[in-house]
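Residue numbers (this note's numbering), protein chains in the order written: chain A, 1 to 219; chain B, 1 to 219.
2 protein chains.
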Amino acid sequence: MPKHRKDLTTEKIIQKAIELADKSGLEPLTMRSLAKALGATPMSLYRYVANREDMLDKMVDVVFSEIQLPIIGNDWRSEMRKRAISTRSALLSHRWALGLLDSRLQPGPATQKHHNAVIGTLRESGFSIPLTTQTMTLLDAYIYGFILQELSLPLSESGNFDEVGESIVHHLDQATYPYLAELATAHLDNAGFDFNNFFEVGLDIVLEGLEVMAESKQP
Amino acid sequence: MPKHRKDLTTEKIIQKAIELADKSGLEPLTMRSLAKALGATPMSLYRYVANREDMLDKMVDVVFSEIQLPIIGNDWRSEMRKRAISTRSALLSHRWALGLLDSRLQPGPATQKHHNAVIGTLRESGFSIPLTTQTMTLLDAYIYGFILQELSLPLSESGNFDEVGESIVHHLDQATYPYLAELATAHLDNAGFDFNNFFEVGLDIVLEGLEVMAESKQP
DNA sequence: CAGCGTAAGTATACAGTGTACACTTTCAAA
DNA sequence: TTTGAAAGTGTACACTGTATACTTACGCTG
């Protein structure tokens, strides 16, 4: 066990940090636990990372790099659809990432590249600058907000409610909140709720609305 | 300065915690700082609150209680619109709250009451259970996602970019990310970007899309 | 009015956090 | 072979949430 020359790199550190966060979330990911997982000492990480916050920034940027870029010049609607689905899948495989999206300033290169591609696709489809902003904001709002909700649901891997979910449903006051109880119970019985499908249906509603608006503003 | 009989209550504690979080965010809100602000000792809080997490849960529930409830029986579209705008204003006055929305299980009474009213309004307007879920999910996604983006923007109180924002724009590589640079610069020059307006325009697009869907599913 | 039980608030202590600072080890080039 | 910077280490500190055992003060009962 050599004491020095661990050949650490920023990339290896971030990679390992992501791996651990994927496995157990962000909270148990401490500089000490991460260092141990890398066979290094806590302080060695600070050669490659300014501090924990900076590390989280870099982790988020890696997540962005996993999102399929829209292709500038192609039809905006299908590119946006593809991007939305890809974003969701990235944020679902890294459940810790969404919570970092606010609070992060200084977007990394992958994030900038991603935004640039999105904006470029819309601009080259004839969207004005305000229309581009409006479109992007609405789309991203839908994507992030949907995932935010999805992440907070106590679902098992099969997509059903897990025990926590069941206990919540059983604890809620059916007399006081009849509508909530009815809906929650229906979800317990799992009357065919498919979140993948919900996401795409909602996405298509949003895209359709955006297309109507775009056509009305620049015929 | 009497040592005992502080007449603490859970409500007073949560109220003060919200006040402090509104002022400086969630991170400097420690059990110690909160206790000091209340003129009490750290451990005294644990009589009224199970632990910090529990306290955060209760704080979130207060935020939900500030949201205007939709009125069951009224026209769903105008009630949802009103609720959306009210939700945004609550989450903007308590910037720390959105980040807690995931990770929180065991919704408090105000949260349950709120959800019950939303579901009730839709159900009484003739929405089926799956349609209700789809509608609520899409609407909440938009609301939460929009605010998530809004919170992460480095804006001054006037709504313009602050110095942080300006520095970000100036640091981005204009040659590599031309579209991003163009849009960011336009925002710097503030060519009439009004987030209130963006929010409502997007909201109306979503509502319109939902109305079309609802009519097609139950004529 | 005495005294007692319980609730309210306190003091101390501990394990765990991020990270500043000063140190040692290692390697590459001179 | 020497040397100087780069890589990794060890120790230490201030701070966190909170468990546990304590003290204080009040409301009730006799």
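Even glycine gets a Cβ: it sits at the ideal position worked out from N, Cα and C.
Quick caveat, the model's predicted, so the values are computed rather than measured.
### Query
What's the call for Asn116/A, buried or exposed, on a 16-neighbour Cβ count within 10 Å?
buried
### Query
Ser103/B to Gln218/A, Cα distance in whole Å?
42 Å
### chain A within 8 Å of Ala141/B, Cβ atoms only
yes
### Phe161/B - DSSP class collapsed to helix/strand/coil
strand
### Cβ contact (3+ pairs, closer than 8 Å) linking the region 178-191 of chain B and the region 109-125 of chain A
yes
### Query
Who are Leu261/B's beta bridge partners in DSSP?
Beyond the ends of chain B as shown, which are 1 and 219, falls residue 261/B; an answer cannot be given.
#### Entry: Where the alpha helix (DSSP H) containing Ser93/B begins and where it ends
Trp76 to Ser93
### Query
Leu257/B and Ala97/B: beta carbons closer than 8 Å?
With chain B covering only 1 through 219, there is no way to say anything about residue 257/B.
### Query
At which residue ranges does the region 119-158 of chain A contain complete alpha helix (DSSP H) runs of 4 or more residues, listed in the order of the chain?
129-152
### Message
Quick check on Leu100/A: buried or exposed, where buried means 16 or more other Cβ atoms within 10 Å of its Cβ?
### Response
buried
### Query
When the Cα atoms are used, what is the spatial distance from Ile14/A to Glu211/B?
45 Å
### Query
Just reading off the alpha helix (DSSP H) that Glu19/A is part of, what are its end residues?
Thr10 to Ser24
### Query
Along the region 69-103 of chain A, what residues have a CB closer than 9 Å to any CB found in chain B?
Ile72, Arg95, Leu98, Gly99, Leu101, Asp102 and Ser103
#### Entry: Same chain, Cβ closer than 6 Å to Leu69/B, five either side skipped, listed in chain order
Ala117
### Message
Tell me the DSSP secondary structure of Gly108/B in three-state form.
### Response
coil
### Query
Below 8 Å between beta carbons: does that hold for Lys58/B and Gly108/B?
yes
### Query
Within 8 Å (strictly less), CB to CB, does His115/A reach chain B?
yes
### Query
Taking Leu126/A as the reference, which of Ala17/A, Arg77/A, His187/A and Ser65/A has the closest Cα?
For the sequence presented, residue 126/A should be read as Gly rather than Leu. The candidate whose alpha carbon is nearest that of Gly126/A is Arg77/A.
### Query
Residues in the region 21-44 of chain B with C-beta within 7 Å of chain A's C-beta atoms, listed in sequence order?
none
### Task
Output, in sequence order along the chain, the residues in the region 154-176 of chain A whose CB is closer than 7 Å to any CB in chain B.
Pro154, Val164, Ile168 and Leu172
### Task
For Met213/A, return the contacting residues in chain B, with the cut-off set at a CB-CB distance below 7 Å.
Ile205
#### Entry: Backbone CA spacing between Ser33/B and Thr41/B [nearest angstrom]
9 Å
### Query
On the three-pair Cβ rule with 8 Å, is the region 193-205 of chain A touching the region 164-174 of chain A?
no
### Query
I think Thr135/A touches Phe193/B, with their Cβ atoms under 8 Å apart; what is that distance to the nearest whole Å?
Not quite, the Cβ-Cβ distance comes to about 14 Å (not below 8 Å), so this is no contact.
### Query
Just the Cα atoms here: how many angstroms apart are Ile129/B and Arg123/B?
7 Å
### Query
What do you reckon, are the CB atoms on Phe146/B and Ala214/A nearer than 8 Å?
no
### Query
Using the beta-carbon count (16 or more within 10 Å), is Gly244/B buried or exposed?
The question about residue 244/B has no answer here: the residues shown for chain B are numbered 1 through 219.
### Task
Would you mind telling me which residues of chain B sit closer than 7 Å to Glu208/A, beta carbon to beta carbon, in chain order?
Gly209
### Query
Does the separation of the CB atoms of Leu38/A and Lys16/A fall below 8 Å?
yes
### Query
Quick one: which chain B residues come within Cβ less than 8 Å of Ala186/A?
Ile129
### Task
Let me know if Gly209/B comes out buried or exposed under the rule of 16 or more other beta-carbons within 10 Å of its beta-carbon.
buried
### Message
Please list, in chain order, the chain B residues whose beta carbon lies closer than 7 Å to that of Tyr179/A.
### Response
Asn116, Ile119, Gly120 and Arg123
### Nearest residue (CA-CA) to Gln149/A, options Glu150/B, Leu151/B, Tyr144/B and Gln149/B
Tyr144/B
### Task
Report, in whole angstroms, the separation of the C-beta atoms of Leu151/B and Arg95/B, which I expect to be a contact under 8 Å.
6 Å
### Min CB distance Tyr48/A to chain B below 8 Å
no
### Task
Taking the CB atoms as reference points, tell me whether Leu105/A and Pro154/B lie closer together than 8 Å.
yes
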